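Structure record follows, encoded as structure tokens.
There are 2 protein chains.
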Amino acid sequence: MNQSGRNINPHISVDCVIFGFSTNQLKVLLIRRAFTESSGKHINDHKLPGDFITLNEDLDLAASRTLEELTGLKDIYLQQFIFLGKPDRISNPMDIEWLNATTGHKIQRVVTAAYFSLINITDTNSAFAIKNNATWIDVKQVPNLAFDHGTIICTGLAHLQLALRNEPIGFELLPEKFTIRELQTLYEVILDCTLDNRNFRKKILKSSYLVQLEEKQRGVAHKPAYYYSFDRKIYEKHKKESLGFNF
Amino acid sequence: MNQSGRNINPHISVDCVIFGFSTNQLKVLLIRRAFTESSGKHINDHKLPGDFITLNEDLDLAASRTLEELTGLKDIYLQQFIFLGKPDRISNPMDIEWLNATTGHKIQRVVTAAYFSLINITDTNSAFAIKNNATWIDVKQVPNLAFDHGTIICTGLAHLQLALRNEPIGFELLPEKFTIRELQTLYEVILDCTLDNRNFRKKILKSSYLVQLEEKQRGVAHKPAYYYSFDRKIYEKHKKESLGFNF
DNA sequence: TTTAGTTAGCGTATTTTTTACGTTTACTTT
DNA sequence: AAAGTAAACGTAAAAAATACGCTAACTAAA
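Chains as they are written, first to last, in the working numbering: chain A, 1 to 247; chain R, 1 to 247.
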């Protein structure tokens with residue numbers, strides 16, 4: 001089956017670890033994959049979103065295209081974190097059969113650029129996800145995945161953690177306005193640690209780019225919290241390079 | 001000229017930003033490129049080390065191969081940092097002509113995996129570099145380079161800085177035994193900052209993986225410094241995750 | 001209406017780290 | 001022997017991080 005399948009480059013693909021934050025959990029968007037092998041065995045598992053690039057497509061644009069197909073959103077936070085180039089990384093016959101069937105190409109060797117992206121789940125249009133058999137799954141409850149996607153997620157999470165330590169990218173996962181407790185919980189689930197609420201709020205309120213709104217929470221059985229928003233312009237203006245180093 | 005050139009995959013390449021530290025300077029290994037265009041114009045510039053992968057070669061192994069060809073060393077510290085996938089990133093006719101000539105392929109679109117590596121320059125066998133027209137150049141004095149290699153170096157340096165803040169990888173650039181002043185200078189040139197020698201030594205001597213040797217410097221016109229070595233086993237054993245975050 | 005439960009927010013105290021800087025020691029050169 | 005220089009030892013102050021108490025402010029239950 002030579003060159004009669006989709007108009008793709010069958011050697012280069014992008015995979016996306018799409019992180020979202022909801023109900024105090026860090027979640028990842030996975031695609032349910034269901035098909036029947038030639039042997040008659042029915043497969044029902046999950047995989048990461050991703051696709052082969054088209055013949056002349058920019059890798060970053062391919063990743064953005066994948067995100068938009070699943071969420072309906074443009075200009076989503078997107079960060080490369082690893083590329084996978086072992087010649088034998090696709091060796092499971094089931095995976096090979098599935099790839100050949102879905103691309104119309106005889107897939108051999110694939111080099112993959114992996115990205116992680118951050119989305120506020122409530123911004124997404126669930127119709128897109130439903131149409132593509134995509135579902136949000138708690139990062140701590142990821143099932144066994146196709147290909148090397150489990151490993152990719154672990155690596156993506158490590159890169160997300162490192163990035164979050166150095167830049168306030170967590171805001172990409174939150175709605176326009178949020179409470180300090182929501183921000184703290186976000187940091188706790190991503191960094192997998194426990195933070196003291198009193199020390200956390202003191203620390204982040206020292207920044208000039210966290211803006212307290214006049215609006216407070218409603219309908220909560222405790223003292224209502226103020227809402228805050230992230231002022232990216234102030235952040236970019238006062239962005240300071242961290243000069244410290246761990247030793 | 002189809003498939004009659006070198007036995008390579010003409011679509012995927014690796015580029016290496018090889019950092020070395022010498023005479024208190026962070027240096028990068030560049031390849032001098034000299035050839036005559038079909039128009040008769042003589043080109044004499046520099047480029048990063050790199051190569052196309054062979055047909056079934058692992059990307060990481062291709063990068064290691066490139067390093068070994070230039071330095072004679074195996075098992076060098078190697079870190080991926082970016083994957084370049086814009087379809088039009090090779091557009092300079094001179095670069096295209098050079099690629100076609102040196103590969104024996106009609107090169108069109110190239111996707112490149114960029115790595116940075118860290119080498120103690122004195123460990124290298126200069127015969128290898130000489131043979132390959134490679135020369136060490138101060139990172140602050142890099143000339144205009146072929147392709148997008150200038151951009152790749154800048155990005156590589158940023159990744160090196162981030163990595164150095166989080167892990168003591170600077171030791172890869174130093175000899176087996178070194179003084180604290182050498183380590184400090186290394187940090188200063190990579191992070192592009194000035195550190196107080198008294199505070200720097202206090203900080204790093206708190207770690208258990210910096211081992212003071214009995215040997216001291218000789219032939220210096222001031223109090224001789226003690227030599228130290230980096231105990232990787234102690235480091236791996238006591239490696240502690242940094243739980244802090246910048247805000 | 002009062003009470004209970006819960007979290008937000010304000011706060012103090014202590015510890016740790018960072019930063020700034022002085023001084024003595026120990027070598028080579030003059 | 002003196003001078004010059006950097007290593008090493010050190011103190012002090014400031015800043016940041018950590019630990020934790022307590023009051024305020026809401027809803028729900030009694």
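The beta carbon of each residue, even a glycine, is placed where N, CA and C say it ideally should be. From a predicted model like this one, the values you see are computed outputs, not experimental measurements.
Residue i, enclosing alpha helix (DSSP H) - first and last residue
i        : result
R/ILE130 : 126–131
R/PRO93  : 93–103
A/ASP60  : 59–71
R/LEU186 : 180–191
A/ALA163 : 149–166
R/LYS86  : Note, R/LYS86: premise wrong, no alpha helix (DSSP H); not H, not E.
A/ILE53  : Counting along the chain, A/ILE53 falls outside any alpha helix (DSSP H), though it belongs to the beta strand (DSSP E) covering 50–54.
A/LYS203 : 197–204
Within 8 Å, strictly: CB atoms of residue i and residue j
i        : j        : result
A/ILE53  : A/VAL28  : no
A/ARG109 : R/ASN56  : yes
A/ILE107 : A/ILE96  : yes
R/TYR115 : R/CYS16  : yes
R/ASP148 : R/ARG89  : yes
A/ARG32  : A/ASN133 : yes
A/SER117 : A/ILE234 : no
R/LYS41  : R/LEU145 : no
A/LEU164 : A/ILE190 : yes
R/THR124 : R/LEU84  : no
A/ILE153 : R/PHE247 : no
Residue i versus residue j - alpha carbon distance
i        : j        : result
R/GLN3   : R/HIS105 : Annotation note: pLDDT 47 at R/GLN3 (below 50); position unreliable, no value reported.
R/PHE230 : R/VAL139 : 25 Å
A/MET94  : A/ILE137 : 23 Å
A/LYS206 : A/GLN212 : 12 Å
A/LEU162 : R/LYS240 : 14 Å
A/ASP35  : A/ILE43  : Residue identity differs from the one stated: residue 35 of chain A is Phe in this sequence, not Asp. Computed Cα separation, rounded: 5 Å.
R/GLN141 : R/LEU70  : 21 Å
R/SER242 : R/GLU236 : 14 Å
A/HIS11  : R/LEU195 : 47 Å
A/GLU30  : A/GLY150 : The question names Glu, but residue 30 of chain A is Leu in the sequence shown. Cα to Cα, the separation comes out at about 11 Å.
R/THR112 : R/LYS202 : 42 Å
A/TRP98  : A/ARG218 : 50 Å
R/GLU167 : A/LEU210 : 30 Å
R/PRO87  : R/PHE178 : 45 Å
R/PHE245 : A/ILE169 : 12 Å
R/PRO143 : A/THR122 : 48 Å
A/PHE200 : R/VAL220 : 49 Å
A/ASP60  : A/TYR187 : 27 Å
A/LYS216 : A/ARG198 : 18 Å
R/CYS193 : R/LEU26  : 13 Å
R/ASN8   : R/ASP58  : The sequence as given places Ile at residue 8 of chain R; Asn does not occur at that position. For R/ILE8 and R/ASP58, the distance between alpha carbons rounds to 12 Å.
A/GLU214 : R/SER64  : 57 Å
R/GLU269 : R/SER126 : There is no way to answer for residue 269 of chain R, as the model of chain R reaches only from 1 to 247.
Boundaries of the beta strand (DSSP E) in which residue i is found, first to last residue
i        : result
R/TYR235 : Taken as a continuous stretch (DSSP letters only), R/TYR235 belongs to no beta strand (DSSP E), being part of the alpha helix (DSSP H) at 232–238.
R/PHE19  : 8–22
R/ARG33  : 25–36
R/PHE116 : 111–119
A/ALA134 : 134–138
R/ASP45  : 42–47
A/LYS216 : 210–216
Proximal residues to residue i (C-beta, below 8 Å), its chain only, five neighbours per side dropped
i        : result
R/THR66  : VAL14, CYS16, PRO49, GLY50, ASP51
A/ASN120 : GLY20, PHE21, GLU172, LEU173, LEU174, PRO175
R/ARG248 : One cannot answer for residue 248 of chain R here, as it falls past the ends of chain R, which runs 1 to 247.
A/HIS159 : GLN79, PHE81, ILE82, PHE116
Beta-carbon proximity list for residue i, same chain, < 6 Å, skipping 5 on both sides
i        : result
R/ASN24  : THR185
A/ALA62  : VAL14, ILE53
A/MET1   : Bear in mind that the predicted position of A/MET1 carries a pLDDT of just 39, short of 50, making it unreliable; the figure below should be weighed with that in mind. Counting only Cβ-Cβ distances below 6 Å, and skipping sequence neighbours, we find LYS106.
R/PHE128 : LEU70, THR71, GLY72
heavy atom of the ligand ZN below 7 Å from residue i C-beta
i        : result
A/ARG218 : As presented, the structure is devoid of all ligands, the ligand ZN included, so that no description of it is given.
Own chain residues within Cβ distance below 7 Å of residue i, not counting five before or after
i        : result
R/SER208 : ILE234, HIS238
A/GLY156 : VAL17, PHE81, ALA114, PHE116
R/GLU68  : LYS74
A/ASN92  : none
Exercise for review: Take every Cβ of the segment 167–183 of chain A, pair it with every Cβ of the segment 215–235 of chain A, and state whether three or more of those distances are shorter than 8 Å.
Suggested key: yes
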